[in-house]
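Numbering-wise, the sequence shown is residues 792 to 990 according to the numbering used here. For every residue, glycine included, the Cβ atom is placed at its ideal position computed from N, Cα and C. Following: one structure in structure tokens, then a few remarks.
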Amino acid sequence: MTPVLILPGLFGSEDAHWQTAWLRDHPESRLVHQDNWDHPHLSIWRARLEAVLEEVGEAYIVAHSLGCLLAASLAGRPAAARVRGALLVAPCDLPATEKLHPRQIGFGTMPTAKLPFPSIVVGSLNDHYMSLDRLTLFARLWGSELRNAGLAGHINVASGYGRWPGGYRVFEALKARTRHLDKIPQKKPSLGREISSVW
Numbered sequence: 792m793t794p795v796l797i798l799p800g801l802f803g804s805e806d807a808h809w810q811t812a813w814l815r816d817h818p819e820s821r822l823v824h825q826d827n828w829d830h831p832h833l834s835i836w837r838a839r840l841e842a843v844l845e846e847v848g849e850a851y852i853v854a855h856s857l858g859c860l861l862a863a864s865l866a867g868r869p870a871a872a873r874v875r876g877a878l879l880v881a882p883c884d885l886p887a888t889e890k891l892h893p894r895q896i897g898f899g900t901m902p903t904a905k906l907p908f909p910s911i912v913v914g915s916l917n918d919h920y921m922s923l924d925r926l927t928l929f930a931r932l933w934g935s936e937l938r939n940a941g942l943a944g945h946i947n948v949a950s951g952y953g954r955w956p957g958g959y960r961v962f963e964a965l966k967a968r969t970r971h972l973d974k975i976p977q978k979k980p981s982l983g984r985e986i987s988s989v990w
């Protein structure tokens, strides 16, 4: 069974968070730890994620908030080839997050490159960490399917999301998409031409 790597946001995911429930409900899932959840730095945490990906061979990613930006930062890096697909829930916008939590994160700028693996972004109409306009923009830049959860806040404990069966259904849709892609013959390289992604 393909492992699922859980990437929380700033401060980590508390016991009542849907990601913690995910770890309990899905034995193939594991948390990608970092040294300081209160002051995360992109380069340090990404190195940890890349090491785990190398260890497991390939994996799905289920990320929340700042963890979505960690996953998106893999674009253009060799480790991205080990990602089967990513479920990106309530990604945060760095300017908004840094305003809400000054001097707490070291993530540089927003990742804007298209993701080289299938992805679904789930966001809401009233997330104070990312406006709907910005959510739509980054889903488009990342090449992600966008699903609107309505008035769901930051899709966390504060907005009423403990155990979240709806997330499991979206994840199954992502896995079905990757199984479909496995059946599509890959184009062979031709000299002087760039191979377009199947997604």
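Anticipated Cβ contact below 8 Å, residue i with residue j, distance rounded
i: His855; j: Gly914; result: Contact doesn't hold; Cβ gap of about 11 Å is too wide.
i: Gly934; j: His832; result: Contact doesn't hold; Cβ gap of about 26 Å is too wide.
i: Glu841; j: Thr793; result: Incorrect: roughly 17 Å between the Cβ atoms, too far for contact.
i: Pro893; j: Ala863; result: Contact flag wrong, Cβ pair sits at about 23 Å.
i: Val874; j: Leu865; result: 7 Å
i: Leu932; j: Lys905; result: 7 Å
Cβ-based burial, residue i [other Cβ within 10 Å; buried from 16]
i: His824; result: exposed
i: Asp918; result: buried
i: Pro869; result: exposed
i: Ala949; result: exposed
i: Gly867; result: exposed
i: Ala838; result: exposed
i: Asn947; result: buried
i: Thr888; result: buried
i: Ala881; result: buried
i: Gly858; result: buried
i: Ser834; result: exposed
i: Ile797; result: buried
i: Ala872; result: exposed
First through last residue of the beta strand (DSSP E) which encompasses residue i
i: Leu822; result: 820-822
i: Gly876; result: 874-880
i: Ala850; result: 850-855
i: Ser910; result: 910-914
i: Ile835; result: Not the beta strand (DSSP E): Ile835 falls in the alpha helix (DSSP H), residues 833-847.
i: Leu891; result: That residue, Leu891, is in no beta strand (DSSP E); its alpha helix (DSSP H) goes 885-891.
Reference residue i, options the options, closest by Cα
i: Leu879; options: Gly899, Thr888, Ile911; result: Ile911
i: Asp924; options: Cys883, Asn947, Thr811, Tyr959; result: Cys883
i: Gly953; options: Asp816, Leu796, Thr793, Pro794; result: Asp816
i: Gln810; options: Gly958, Glu963, Ala967; result: Gly958
i: Phe908; options: Leu942, Ala943, Asp829, Ala877; result: Ala877
i: Ile852; options: Phe962, Phe802, Leu942, Arg968; result: Phe962
i: Gly944; options: Leu926, Met792, Lys966, Ala930; result: Leu926
i: Ser820; options: Lys890, Pro956, Val847; result: Val847
i: Gly951; options: Val795, Ala807, Lys905, Gly803; result: Ala807
Beta-ladder partner(s) of residue i, from DSSP
i: Val948; result: Beta-bridge pairing links Val948 to no other residue.
i: Asn939; result: Gly914
i: Gly897; result: His832
i: Val795; result: Ser820, Tyr851
N-terminal and C-terminal residue of the alpha helix (DSSP H) that residue i is part of
i: Ala930; result: 923-933
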